[in-house]
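**Student:** Each residue of the sequence shown is one higher than the one before, starting from 291 at the first, in the numbering used here.
No residue lacks a Cβ here, since even glycine has one placed at the ideal position from N, Cα and C.
A single structure is presented below for examination.
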Amino acid sequence: MRPPSPGWGLARLATAAVLLVSAFLPWARASVRLEGFGQVLARELAAEAGVNVDGTGQVIPVFAVVAIVMIVWGLLARDSRIGALAAVPGLLALFSCLIFLLRLDRFREEAGAGRLMLGGLEVTAGYGWYLSVASSLLLIGLSLARRA
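Structure, rendered in structure tokens:
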């Protein structure tokens with residue numbers, strides 16, 4: 291078996307590092323939206339990082355560090371099978387992101403929906419969540435891809 295290319299390993303390492311950083315970026319945004327007299331008034335109330343909002347966001351850095359350790363171990367041992375195991379924490383991080391999206395309504399309660407009398411409170415996923423999903427998918431793909 292041929293030793294893995296360091297370029298693939300560095301690409302996987304960069305992807306896992308992006309996954310690590312994305313957990314500290316905004317995952318949830320809450321904004322107030324008022325409509326009246328043909329005009330819309332919107333104001334952002336809060337934006338919270340993934341590690342601060344929910345327990346599912348707190349495990350993303352753990353999965354990212356485990357993936358980084360597996361990738362470095364695979365590069366040092368020059369064994370592509372060890373590096374391919376980084377797909378497991380990538381898949382677990384993806385599941386964690388999807389569970390967070392299902393539980394996003396909890397953030398609405400924590401942001402203070404009871405304070406509003408008029409208008410609606412919109413809770414949406416932030417760019418950190420999208421970056422986590424994209425880097426998880428890319429980490430899975432790069433870990434499982436084999437050179438011909």
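1) Go ahead and pull the three-state DSSP assignment for R323.
2) For L300, which option in G340, S370 and V341 has the closest C-alpha, if you only look at C-alpha atoms?
3) Cβ of W317 within 8 Å of Cβ of A415?
4) I need the boundaries of the alpha helix (DSSP H) containing L375, first residue and last residue.
5) What does a CB cutoff of less than 6 Å around E334 pick up in its chain, not counting 5 residues either side in sequence?
6) Assign V349 to one of two classes, buried (16 or more other C-beta atoms within 10 Å of its C-beta) or exposed (fewer than that).
7) Out of A307, S312, A306 and G340, which one is the CA nearest neighbour of R393?
8) Determine whether the beta carbon atoms of A357 and L429 lie at a separation below 8 Å.
9) What is the DSSP secondary structure of V413, counted as helix, strand or coil?
10) Under a three-way DSSP split, which group does R333 fall into?
11) So, helix, strand or coil for A301, using DSSP?
12) Helix or strand or just coil, what does DSSP make of A438?
13) Based on the DSSP output, what are the partners of A318 in its beta bridges?
14) Return helix, strand or coil for R396, following the three-state DSSP convention.
15) Would F390 pass as a contact of W419 if the rule is Cβ separation under 8 Å?
**Tutor:** On the basis of the data shown:
1) strand
2) S370
3) yes
4) Counting along the chain, L375 falls outside any alpha helix (DSSP H), and DSSP gives it neither H nor E.
5) S321
6) buried
7) G340
8) yes
9) strand
10) strand
11) helix
12) Per-residue confidence for A438 stands at a pLDDT of 44, beneath the threshold of 50, marking its modelled position as unreliable; no derived number is given.
13) E338 and A415
14) helix
15) yes
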